[in-house]
Amino acid sequence: MKTIGLIDEKVIKNNLINLKNIVFEVTEKCNLKCKYCGLSERLYEKYDVRKHRDLPFKKAQLMIDYLLSLWKENYIAETNSPLIVSFYGGEPLLNMPLIKKIINYIEESNIVSRKIFYAMTTNAMLLDKHITLRTYRS
Numbered sequence: 001m002k003t004i005g006l007i008d009e010k011v012i013k014n015n016l017i018n019l020k021n022i023v024f025e026v027t028e029k030c031n032l033k034c035k036y037c038g039l040s041e042r043l044y045e046k047y048d049v050r051k052h053r054d055l056p057f058k059k060a061q062l063m064i065d066y067l068l069s070l071w072k073e074n075y076i077a078e079t080n081s082p083l084i085v086s087f088y089g090g091e092p093l094l095n096m097p098l099i100k101k102i103i104n105y106i107e108e109s110n111i112v113s114r115k116i117f118y119a120m121t122t123n124a125m126l127l128d129k130h131i132t133l134r135t136y137r138s
């Protein structure tokens with residue numbers, strides 16, 4: 001077997017400094033049981049059983065703080081490159097309070113003034129319940 005190379009700390013930090021997209025899996029819960037879903041119990045039963053857990057805010061906060069410190073240290077405050085923050089699950093709309101908390105924390109902590117866009121992978125079944133999401137940042 002041929003060794004291609006090792007990823008060292010410098011490579012990892014460089015990739016995080018130049019990060020263009022971060023995805024938070026805010027919950028493992030879902031309100032549907034689609035057979036074709038990549039996260040279905042049938043596909044995960046042998047190696048990554050879904051336990052219906054939610055992401056603790058503290059873990060998201062640690063990641064955000066770490067990224068902000070890297071960006072501040074590396075002077076990317078002037079970057080034109082936007083950051084896309086995505087929410088994923090399970091069904092992310094089942095944990096809307098956490099999504100709002102993460103968005104608020106990012107907006108309040110964005111010391112590097114980087115342009116931020118938000119996205120979500122959803123089955124949209126609960127969208128009517130959270131229709132204010134669209135005007136949330138207005």
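Residue 1 is where the sequence shown starts when you use UniProt numbering, and the numbers rise one by one after that. C-beta atoms are modelled at their ideal positions from N, C-alpha and C, and glycine is treated no differently.
Contacting residues, own chain, Cβ-Cβ under 7 Å from residue i (five flanking each side not counted)
i           : result
serine 109  : Ile64, Leu68
alanine 119 : Ile84, Ser86
leucine 81  : The sequence shown places serine at residue 81, not leucine. Cβ neighbours of serine 81 beyond the five flanking positions: Lys20.
CB of residue i within 8 Å of CB of residue j, strictly
i                : j                : result
phenylalanine 57 : lysine 101       : yes
isoleucine 22    : leucine 83       : yes
leucine 55       : valine 26        : yes
leucine 98       : leucine 126      : no
alanine 60       : phenylalanine 24 : yes
lysine 10        : glutamate 28     : no
For residue i, the nearest candidate out of the options (CA to CA)
i             : options                     : result
cysteine 30   : Lys115, Ile17, Asn123       : Asn123
glycine 89    : Asn15, Lys35, Arg53         : Arg53
lysine 33     : Lys13, Ile17, Arg114, Glu91 : Glu91
aspartate 128 : Lys13, Met96, Tyr105, Leu19 : Met96
Residue i, DSSP secondary structure in three states
i             : result
valine 11     : helix
residue 167   : Residue 167 is absent from the structure shown; the chain starts at 1 and stops at 138.
glutamate 25  : strand
serine 113    : coil
methionine 63 : helix
leucine 83    : strand
residue 143   : Beyond the ends of the chain as shown, which are 1 and 138, falls residue 143; an answer cannot be given.
C-alpha gap between residue i and residue j, whole angstroms
i             : j              : result
alanine 77    : serine 113     : Since pLDDT at alanine 77 reaches only 48, below the 50 mark, its modelled position is unreliable, and no value is offered.
glutamate 73  : asparagine 14  : 12 Å
histidine 130 : asparagine 104 : 16 Å
isoleucine 12 : asparagine 18  : 10 Å
glycine 5     : leucine 16     : 19 Å
Same chain, Cβ closer than 8 Å to residue i, neighbours up to 5 away in sequence not counted
i              : result
isoleucine 106 : Ile64, Val85, Ile116
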